[in-house]
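Input: a single structure, listed below in structure tokens.
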Amino acid sequence: MPEDSKLKTINAPQTLIFIGRSGSGKGTQARLLEEYLKKNDPARAIYYLETGALFRKFIAEPGFSQSRSKAMYERSVLQPSFLAVYLWTKDMIMRMTGDEHLIIDGTPRYHDEARVLTTAMRFYDRVPTVIYLDVPRAFSEKRLHERGRLDDKNDESVKKRLDWFDTSVTFAIEYMKNDPVYRFVEIDGSRSIEEVHKAIVERVFS
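Last residue of the sequence shown: 231 (our numbering), numbering continuous.
Pasting the structure below:
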């Protein structure tokens, strides 16, 4: 666990969107920043929205749509954007209270999904910061093979996931990078966990 920088007063709800290749460390860095917010603003609640967790919960449930989504997951096929939007918008509507910190991990993955997210940010009067963890493809491949999750089970599934990033997610990133709604922060994610966390804190809260 990296040591936090000097504690800073945080007076307003933060909206932090983590994006990057699979294996870039988004989840790890999002959780570290969650701990940072707890220490610096202990009275404020934190809403952690993780699209991957929402999908895993969804496909574990009975139902026609759930079974089709599960079959796609097992074939390492990218889930459709309408389903991703449905899951995170439903979760957001049910859980948002208005004064919490919001951390988003794994969304958006498509250009059209990013556009929907923009409408949500405007609806909730949020000023989001996009934290893009930039890592080389080879770095991600190594991390995914080491992680060994079900969706990283073989070379072909890893290749598909990284191809999806190059053909789909990059357009969502470019959209947010150029939309004035978002504050865009690019971080070299190939460094150590401690170094990346420190860089995020310095760039986001300076």
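Positions of the beta carbon are idealized from the N, C-alpha and C atoms, including for glycine. Keep in mind it's a predicted model, so treat the numbers as computed, not measured.
Taking the alpha carbon of residue 137 as the reference point, which residue from 195, 86 and 159 has its own alpha carbon closest? Taking the first residue of the sequence shown as 1, we reach residue 137 at position 112. Per the Cα distances, 195.
Check whether the region 185-201 and the region 118-137 are in contact - that is, three or more C-beta pairs closer than 8 Å. Yes, the region 185-201 touches the region 118-137.
Throw me the rounded Cβ distance for the residue 46 and residue 187 pair, which I believe falls under 8 Å. As a position in the sequence shown, residue 46 is number 21, starting the count at 1. As a position in the sequence shown, residue 187 is number 162, starting the count at 1. That belief holds up - the Cβ atoms of residue 46 and residue 187 are roughly 6 Å apart, short of 8 Å.
Quick one: is residue 94 buried, meaning 16 or more other Cβ sit within 10 Å of its Cβ, or exposed? Numbered from 1 along the sequence shown, position 69 holds the residue referred to as residue 94. By the Cβ neighbour-count rule, residue 94 is buried, with 16 or more other Cβ atoms within 10 Å of its own.
Classification of residue 217 by the beta-carbon crowding that lies within 10 angstroms, buried from 16 upward: Within the sequence shown, numbered from 1, the residue matching residue 217 stands at position 192. Residue 217 is exposed by the Cβ-count criterion.
Quick check on this structure: which residue in 128, 52 and 168 has the alpha carbon closest to the alpha carbon of residue 153? By 1-based counting over the sequence shown, the position of residue 153 is 128. Relative to residue 153, the option among 128, 52 and 168 whose CA is nearest is 128.
Restricting to Cα atoms, I'd like to know which of 75, 102, 168 and 150 is closest to residue 110. Locating residue 110 in the sequence shown gives position 85, where the first residue counts as 1. In this structure, 75 is the residue among 75, 102, 168 and 150 with its C-alpha nearest to the C-alpha of residue 110.
When you compare only the Cα positions, how much space is there between residue 228 and residue 210? In the sequence shown, counting from the first residue as 1, residue 228 sits at position 203. In the sequence shown, counting from the first residue as 1, residue 210 sits at position 185. Roughly 7 Å between the two C-alpha positions.
Enumerate, from N- to C-terminal direction, the unbroken beta strand (DSSP E) stretches of 3 or more residues contained entirely within the region 116-195. Counting only runs of 3 or more, we get 126-130 and 153-159.
Which residue's Cα is closest to the Cα of residue 37: 50, 49, 54 and 65? Stepping through the sequence shown from its first residue, residue 37 is reached at position 12. It is 65 whose Cα lies nearest to the Cα of residue 37.
Between the Cα of residue 42 and the Cα atoms of 54, 123 and 92, which residue gives the shortest distance? Sequence index remark: in the sequence shown, residue 42 carries index 17 (1-based). Nearest C-alpha to residue 42: 54.
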